[in-house]
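Asks: Residues 989 to 1353 in the numbering used here are what the sequence shown lists, from first letter to last.
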Amino acid sequence: IGTSKIACVIARLKPCPPSDALRGRTHAVELIGMSHIQSRGVKAGAVVDLAECEQAVRQAVALAERTAKVRVESVLLSVSAGRLQGNLVEASAELRNGAVTPADMSRVVSAGMHHATPKGRTVLHALPVGFSLDGVKGVRDPSGMVARHFGIDMNVVTAEATAAKNLMLVVERCHLNVEAMAAGPYVAGLSVLTDDETDLGAAVVEMGAGTTTIATYSNGQFVHASGFALGGQHVTMDLARGLGACIADAERIKTLYGTVLTGGSDAREVMSVPSAGDDDRDLPQMVSRATIANIIRQRVEEIFEMVRDRLAESPFAAEPRARVVLSGGASQLNGVPELASRILGRPVRVGRPLGFGRLPTEAKT
């Protein structure tokens, strides 16, 4: 449920042999139904009109059900709103029976979640990233191992409770059960990163219309998340204001001609931009492609400067050559990977979903 679109994907899992890029993947995702429609009642990823958003969700689910020829009863809900924040938390406990049991692990995780959740926020994930026994770190799987003291390092990802609850309320009003909520950048990372990238360290930057969210991975684990309320829609609004155009025309210009790069001929290449007014006597203005690129570049630079600051505050700062992978609609603008690499000082690529079968073109961003 995003700022610009609401998407519903229905898929089935099919066993598959591991590939070089996805050694840990035991199943492929076969898409059997999909829909995406223009979002309504959502701003910066958060619900601002319950009834409007509900109708849009109902429409998206019905279209996907019709394609898949199945009835949906429960959903997994991706969340990008609510100022996502991940915190590395260490929790520990004395072992009662000498050996680590599933009950011990659950008890320690629950204690860590309780201490790491500020008032007014809700937990989306509490994922272990490392274990220790009697102070010795680096234990991969402590199940059944003997010790007196057991500790877990975990990434606790939270969102503002109000934003998350309203997203859930919209779905439940559509007579659907929310089986789980997941942080949007975490979902993107599972989709676009190879096993080598998660092992060596990588960050996923999900560039949506109203929000930009970040997930960082290290040693095969999801270790941090953050986000802020800037995205592709802000580029559209900048164009509308800077060109004196209506929002629909600004979006069209961004989609067709959007770039952050300028060349020698761009100052000479001009295009006609209709006036934002409804007076037929208003003449369209002629605007150079260089002007359009400069407006877009200023906002995109601001977004990546904020991404750079967020990464500097995360565990990702300790891995200066780790890759950044971009996803989301705003990442499709021409020249964005090159601009991101210059600002972030890291190798950058645009991600595509991995391990999916029968994926249509519109689902690859």
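Even glycine gets a Cβ: it sits at the ideal position worked out from N, Cα and C.
Inspect the beta-carbon positions of residue 1045 and residue 998 and report whether they are closer than 8 Å.
Replies: Taking the first residue of the sequence shown as 1, we reach residue 1045 at position 57. Taking the first residue of the sequence shown as 1, we reach residue 998 at position 10. For residue 1045 and residue 998, no; Cβs fall outside 8 Å.
Asks: So, at 7 Å on beta carbons, what are the nonlocal neighbours of residue 1100 in its own chain, with the 5 sequence-adjacent residues on each side left out?
Replies: Walking along the sequence shown from the start, residue 1100 turns up at place 112. The residues are 1077, 1079, 1114, 1140, 1142, 1144.
Asks: Keeping to the same chain, check which residues put their C-beta closer than 6 Å to that of residue 1334; ignore five residues upstream and five downstream.
Replies: For the purposes of this step, residue 1334 is taken as residue 346 along the sequence shown, with counting starting at 1. Once the five neighbours on either side are set aside, the close Cβ partners of residue 1334 are 1312.
Asks: On the premise that residue 1228 lies in contact with residue 1198, defined as a C-beta separation below 8 Å, what is that separation, rounded to the nearest angstrom?
Replies: In the sequence shown, residue 1198 corresponds to position 210, counting from 1. In the sequence shown, residue 1228 corresponds to position 240, counting from 1. Between residue 1228 and residue 1198 the Cβ distance is about 15 Å, and since that is not below 8 Å, they are no contact.
Asks: Out of 1123, 1049, 1107, which has the shortest C-alpha to C-alpha gap to residue 1136?
Replies: Position 148 of the sequence shown, counting from 1, holds the residue named residue 1136. Comparing Cα-Cα distances from residue 1136 to each of 1123, 1049, 1107, the minimum goes to 1123.
Asks: Whole beta strand (DSSP E) runs in the segment 1173-1210 with 3 or more residues, listed along the chain?
Replies: Runs of the beta strand (DSSP E) inside the segment 1173-1210: 1190-1195, 1200-1206.
Asks: Can you tell me whether DSSP reads residue 1162 as helix, strand or coil?
Replies: As a first step, residue 1162 is located in the sequence shown; it is residue number 174 there, counting from the start. The answer is coil: DSSP assigns residue 1162 none of H, G, I, E or B.
Asks: Does DSSP classify residue 1294 as helix, strand or coil?
Replies: Your numbering for residue 1294 matches position 306 in the sequence shown. Here residue 1294 sits in helix by DSSP.
Asks: Would you give the residue range spanned by the alpha helix (DSSP H) that residue 1240 belongs to?
Replies: Numbered from its first residue, the sequence shown carries residue 1240 at position 252. Element bounds for residue 1240: 1235-1245.
Asks: If we call anything under 8 Å between Cβ atoms a contact, is residue 1069 one with residue 1223?
Replies: Counting from one through the sequence shown, the residue named residue 1069 turns up at place 81. Counting from one through the sequence shown, the residue named residue 1223 turns up at place 235. Not closer than 8 Å, so no.
Asks: Given a cut-off of 8 Å, decide if residue 1174 and residue 1190 are closer than it, judged by their beta-carbon atoms.
Replies: Numbered from its first residue, the sequence shown carries residue 1190 at position 202. Numbered from its first residue, the sequence shown carries residue 1174 at position 186. Not a contact, by the Cβ cut-off of 8 Å.
Asks: Can you check which of these residues, 1259, 1040, 1017, 1234, is closest to residue 1245 by C-alpha distance?
Replies: On the sequence shown, residue 1245 is found 257 positions in, with the first residue counted as 1. Per the Cα distances, 1259.
Asks: Which residue wins for smallest C-alpha separation from residue 1090, given the options 1036, 1059, 1138?
Replies: Position 102 of the sequence shown holds residue 1090. It is 1138.
Asks: To the nearest angstrom, how far is it from the Cα of residue 1008 to the Cα of residue 1183?
Replies: Within the sequence shown, residue 1008 is the residue found at index 20, counting from 1. Within the sequence shown, residue 1183 is the residue found at index 195, counting from 1. Straight-line Cα distance between these residues: approximately 9 Å.
Asks: Near residue 1052, what residues of its chain come up, given a Cβ to Cβ distance below 8 Å and the 5 sequence neighbours on each side ignored?
Replies: Taking the first residue of the sequence shown as 1, we reach residue 1052 at position 64. Here the set comprises 996, 997, 998, 1021, 1022, 1023, 1060.
Asks: Could you pull out every unbroken alpha helix (DSSP H) segment of at least 4 residues lying fully inside the segment 1083-1118, listed in chain order?
Replies: List check, alpha helix (DSSP H) in window: 1090-1104.
Asks: Where does residue 1058 land, buried or exposed, given buried means 16+ other C-beta within 10 angstroms?
Replies: Residue numbering aside, residue 1058 sits at position 70 when the sequence shown is read from its first letter. The residue is exposed, with fewer than 16 neighbouring Cβ atoms inside 10 Å.
Asks: If you follow the alpha helix (DSSP H) that residue 1048 is in, where does it begin and where does it stop?
Replies: Here the question's residue 1048 lines up with position 60 in the sequence shown. Here the alpha helix (DSSP H) through residue 1048 covers 1038-1056.
Asks: Does the Cβ-Cβ distance between residue 1193 and residue 1186 come in under 8 Å?
Replies: Locating residue 1193 in the sequence shown gives position 205, counting from the first residue. Locating residue 1186 in the sequence shown gives position 198, counting from the first residue. Result no, Cβ atoms of residue 1193 and residue 1186 do not sit closer than 8 Å.
Asks: For residue 1332, report the span of its alpha helix (DSSP H) as first-last.
Replies: The residue given as residue 1332 occupies position 344 in the sequence shown. It spans 1324-1332 - the alpha helix (DSSP H) in which residue 1332 sits, taken as one unbroken run.
Asks: Do you know offhand how far residue 1315's Cα is from residue 1087's?
Replies: As a working note, residue 1315 is residue 327 in the sequence shown. As a working note, residue 1087 is residue 99 in the sequence shown. Looking at the two C-alpha atoms, the distance is approximately 43 Å.
Asks: Counting only the same chain and skipping the five closest in sequence on each side, list residues whose C-beta sits under 8 Å from that of residue 1105.
Replies: As a working mapping, residue 1105 is identified with position 117 in the sequence shown. Counting only Cβ-Cβ distances below 8 Å, and skipping sequence neighbours, we find 1111, 1144, 1146.
Asks: Quick one: Cα of residue 1056 to Cα of residue 1343, how far?
Replies: The sequence position of residue 1056 within the sequence shown is 68, counting from 1. The sequence position of residue 1343 within the sequence shown is 355, counting from 1. Looking at the two C-alpha atoms, the distance is approximately 19 Å.
Asks: How about residue 1336 and residue 1329: do their beta carbons lie closer than 8 Å?
Replies: For the purposes of this step, residue 1336 is taken as residue 348 along the sequence shown, with counting starting at 1. For the purposes of this step, residue 1329 is taken as residue 341 along the sequence shown, with counting starting at 1. Closer than 8 Å, so yes.
Asks: Among 1279, 1215, 1095, 1000, which has the Cα closest to the Cα of residue 1082?
Replies: Residue 1082 sits at position 94 when you count from the first residue of the sequence shown. Of 1279, 1215, 1095, 1000, the residue nearest in Cα terms is 1095.
Asks: If you follow the beta strand (DSSP E) that residue 1141 is in, where does it begin and where does it stop?
Replies: On the sequence shown, residue 1141 is found 153 positions in, with the first residue counted as 1. 1137-1148 is the span of the beta strand (DSSP E), which, as asked, contains residue 1141.
Asks: In angstroms with no decimal places, state the Cα-to-Cα distance between residue 1163 and residue 1253.
Replies: For the purposes of this step, residue 1163 is taken as residue 175 along the sequence shown, with counting starting at 1. For the purposes of this step, residue 1253 is taken as residue 265 along the sequence shown, with counting starting at 1. So the two alpha carbons sit approximately 55 Å from each other.
Asks: Select from 1181, 1072, 1322, 1041 the residue whose C-alpha is nearest the C-alpha of residue 1277.
Replies: Residue 1277 sits at position 289 when you count from the first residue of the sequence shown. The residue with the shortest Cα to Cα distance from residue 1277 is 1322.
Asks: Return the chain-ordered list of same chain residues with a C-beta closer than 7 Å to the C-beta of residue 1230, the five sequence neighbours on each side being excluded.
Replies: As a working mapping, residue 1230 is identified with position 242 in the sequence shown. Result list for residue 1230: 1283, in chain order.
Asks: Have a look at residue 1128 and residue 1119 and give me their C-alpha separation to the nearest angstrom.
Replies: Within the sequence shown, the letter at position 140 stands for residue 1128. Within the sequence shown, the letter at position 131 stands for residue 1119. Going from the Cα of residue 1128 to the Cα of residue 1119 covers about 7 Å.
Asks: Do residue 1298 and residue 1235 have their C-beta atoms closer together than 8 Å?
Replies: Looking up residue 1298 in the sequence shown gives position 310. Looking up residue 1235 in the sequence shown gives position 247. No, the pair does not count as a contact, with Cβ atoms beyond the cut-off.
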